[in-house]
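J.: Quick one: the structure is below, questions incoming.
Protein chains in written order, with my numbering: chain A, 5 to 335; chain B, 5 to 335.
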């Protein structure tokens, strides 16, 4: 029986969305146990699951505007910190939080700890493609600077994930670059290109450009944390900007535009959901000793449920265990 | 009378779109003279303007798949090369091309030449915001690597352009970074932040994030060429990806969706035009001795006309002359 720690106090809809997501997960998956960290009284207001669920009570929590590293050090009884400590101690197998991303990165790095041989864990998320298949991209911003060796490890970790969790055989790995030719980029890209070409354990398909990501040019996309973060935020900003402009165009349009928009309403709504790039719901901090997963701050019960399902698959396929073994070997 | 060189042979719609854009510009602006470079017979098929226009005949041209630096060296009689040489010689005041971007960068750099004191010219374009005001961003990919000093110069050049050509008083300059706090980013960002804070000749508003660009957080956005290129291509890819998904959603939708789409057609079309990020039509290679402007490869006559108007404004306001003066002083 796998045990998953859930920080009940992080995110905009805490603890309700977290607890309701847990209720649903306990109902659907009879092979997991969940430990909720947070205010017991508030949690019990929403908790309907009765078996395989327990509460670790604490009144302290990390807020969204807390300075990450300091919060982790000072708020020793915070729900997120207690959960991370229990992961470290082996009392639980994985954790998820909808709280402060920086604090979760710090908790993962300083409390849960890195895989031996992984210098810089990277933030990974499955991002949307037009065909709905998606691709895994990392690092999305856990680091401001990376070396070719870090990027090489991201290629390996992304491949393990795509293969084990998403079931993609021989995932195609692309290096995000400013052109597709092998000679493109700065020294970081050129050296990484070399490392990836020489590693026969991955299926490297060469450089990929940001304009082709949504067309699914690769199953795993490797970037340094600075560029990955800029790309992710550009996707988010562009998607929301377009939806705003569409709204404006309709609002200032004639009756035809307004009627058209009314008839298209359902389709536009589902489009908006597909395009919620900001929902790095289920962003994995990859390179740690156990799965540490961030679900978006605005997650509802359904998103929390999906993230628990994702963590369950990660535990079932032992993707982290395999990474630990492989990456320690390469060191 | 200002003289503008137009490479008639570059781009998907050459020479027709180029020559027709010139016809219109000659009609509307009586204070410019245009020199067309390319095949005289083909140009004359479309040329209706009769005054203030001349042709420099050549049969050689640079193709879109030519290797840039080599093409510039070997195709000495190419239309783009001849135009650049005439800019250098002072026979014309500026040039525009819809051809091979890399070759135009190389022609600008090696033939037209840099402003004394500007180490690395940057590619700048005015990108769309939701409110239609736009912002100027550079470097969009002329360089794969930049130093804090380069980024400082981009801030100055972007400010001159926004103020002189776009008429924005005290343009707000933002540094693209992975967070808005002053302490964010890698050493390149931190050192650039310092340089921009200390320069009282610009109106530095601090770090800006890619997700806020379309909301118009700054009038000038400064980035290294690698990140700027990734951001531009992400905008393009995301915009086209969304339009593709919208099309799919409509195609697989019911009669309501299809009727809605039909009624919204004009609005969706105008949205698509606003969002044509790939149309860095009028991307200026800033930091050269004279205006060298790239208009998109797929430009039609209207886009060519707009770019000629933009070059005319650059010459009228002497934005390059001012840059030469100011940047040489700072050196």
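We treat Cβ as the ideally placed atom computed from N, Cα and C, and that holds for glycine.
Counting only runs of 3+ residues fully inside the stretch 192–270 of chain A, write out the beta strand (DSSP E) ranges in chain order.
T.: Counting only runs of 3 or more, we get 207–212, 224–226.
J.: In chain B, what lies closer than 7 Å to residue 213 of chain A by C-beta?
T.: 237
J.: Taking Cβ positions, are residue 37 of chain B and residue 5 of chain B nearer each other than 8 Å?
T.: yes
J.: Taking residue 156 of chain B as part of the alpha helix (DSSP H), name the residues at either end of that continuous run.
T.: 152–168
J.: So the alpha helix (DSSP H) residue 58 of chain A belongs to, where does it begin and stop?
T.: Taken as a continuous stretch (DSSP letters only), residue 58 of chain A belongs to no alpha helix (DSSP H), being part of the beta strand (DSSP E) at 57–61.
J.: Could you tell me the distance, in whole angstroms, from the CA atom of residue 328 of chain B to the CA atom of residue 92 of chain B?
T.: The straight-line gap from Cα to Cα measures roughly 15 Å.
J.: Please report the distance separating the alpha-carbon of residue 3 of chain A from that of residue 229 of chain A.
T.: It is not possible to answer for residue 3 of chain A, since the shown part of chain A is limited to 5 through 335.
J.: For residue 216 of chain B, decide whether its Cβ has a neighbour in chain D, counting only Cβ atoms nearer than 8 Å.
T.: Absent from the structure: chain D. Protein chains present are A and B.
J.: Considering Cα atoms alone, identify which of B:163, B:164, B:161, B:209 is closest to residue 181 of chain B.
T.: B:209
J.: Nearest-angstrom Cα distance between residue 250 of chain A and residue 326 of chain A?
T.: 46 Å
J.: Please determine, among B:184, B:232, B:189, the residue with the shortest C-alpha to C-alpha distance to residue 212 of chain B.
T.: Of the listed residues, the one whose Cα sits closest to residue 212 of chain B is B:184.
J.: Secondary structure at residue 282 of chain B, three-state DSSP: helix, strand or coil?
T.: The predicted model places residue 282 of chain B with a pLDDT of 49, which falls under 50 and marks its position as unreliable, so this point remains unresolved.
J.: How is the alpha helix (DSSP H) around residue 107 of chain A delimited, first residue to last?
T.: 105–111
J.: Going by Cα to Cα distance, which pick from A:19, A:30, A:243 is closest to residue 102 of chain A?
T.: Nearest neighbour of residue 102 of chain A by Cα position, chosen from A:19, A:30, A:243, turns out to be A:19.
J.: Tell whether a beta-carbon distance below 8 Å holds between residue 157 of chain A and residue 116 of chain A.
T.: no
J.: Roughly how many angstroms separate the alpha carbons of residue 128 of chain A and residue 99 of chain A, rounded to a whole number?
T.: Straight-line measurement puts the Cα of residue 99 of chain A at about 15 Å from the Cα of residue 128 of chain A.
J.: If you measure between the beta carbons of residue 25 of chain B and residue 225 of chain B, is that distance less than 8 Å?
T.: For residue 25 of chain B and residue 225 of chain B, no; Cβs fall outside 8 Å.
J.: Assuming residue 253 of chain A and residue 275 of chain B are in contact, meaning their beta carbons sit under 8 Å apart, how far apart are those beta carbons, in whole angstroms?
T.: 6 Å
J.: Is the beta carbon of residue 109 of chain B sitting closer than 8 Å to the one on residue 232 of chain B?
T.: no
J.: List, in order along the chain, the chain A residues whose C-beta lies closer than 7 Å to that of residue 260 of chain B?
T.: Result: 267.
J.: Using a beta-carbon distance below 8 Å, is residue 333 of chain B in contact with chain A?
T.: no
J.: Quick one, which of A:171, A:201, A:119, A:114 has its alpha-carbon nearest residue 152 of chain A's?
T.: A:201
J.: Please list, in chain order, all residues of the same chain as residue 301 of chain A whose beta carbon is under 6 Å from its beta carbon, the five residues on each side excluded.
T.: 15, 16, 102
J.: Determine the chain A residues that contact residue 189 of chain B at a beta-carbon separation under 8 Å, and present them in chain order.
T.: In chain order: 148, 230.
J.: Closer than 8 Å, CB to CB, is residue 254 of chain A near chain B or not?
T.: Closer than 8 Å to some Cβ of chain B, the Cβ of residue 254 of chain A qualifies, so yes.
J.: Does the count of Cβ pairs from the stretch 261–272 of chain A and the stretch 256–272 of chain B closer than 8 Å reach three?
T.: yes
J.: For a contact defined as C-beta to C-beta under 8 Å, what are the partners of residue 145 of chain B on chain A?
T.: 182
J.: With DSSP as the reference, please indicate the residues paired to residue 118 of chain B in a beta bridge.
T.: B:292
J.: With DSSP collapsed to three states, give me the class of residue 30 of chain A.
T.: helix
J.: Using a Cβ cut-off of 8 Å (strictly closer), state whether residue 234 of chain B contacts chain A.
T.: yes
J.: Quick one: is the Cβ of residue 61 of chain B within less than 7 Å of any heavy atom of the ligand FAD?
T.: As presented, the structure is devoid of all ligands, the ligand FAD included, so that no description of it is given.
J.: Leaving out five residues before and five after residue 195 of chain B in sequence, what residues of the same chain have Cβ atoms less than 7 Å from its Cβ?
T.: 152
J.: Counting only Cβ pairs nearer than 9 Å, list the residues of chain A close to residue 24 of chain B.
T.: Within 9 Å Cβ-Cβ: nothing; residue 24 of chain B doesn't reach chain A, min ~29 Å.
J.: What did DSSP end up calling residue 298 of chain A once you bin it into helix, strand or coil?
T.: strand
J.: Taking buried to mean at least 16 other C-beta atoms within 10 Å of its own C-beta, is residue 11 of chain B buried or exposed?
T.: Buried: at least 16 other Cβ atoms inside 10 Å.
J.: At 7 Å on the CB atoms, spell out the chain B contacts of residue 240 of chain A, in chain order.
T.: 215
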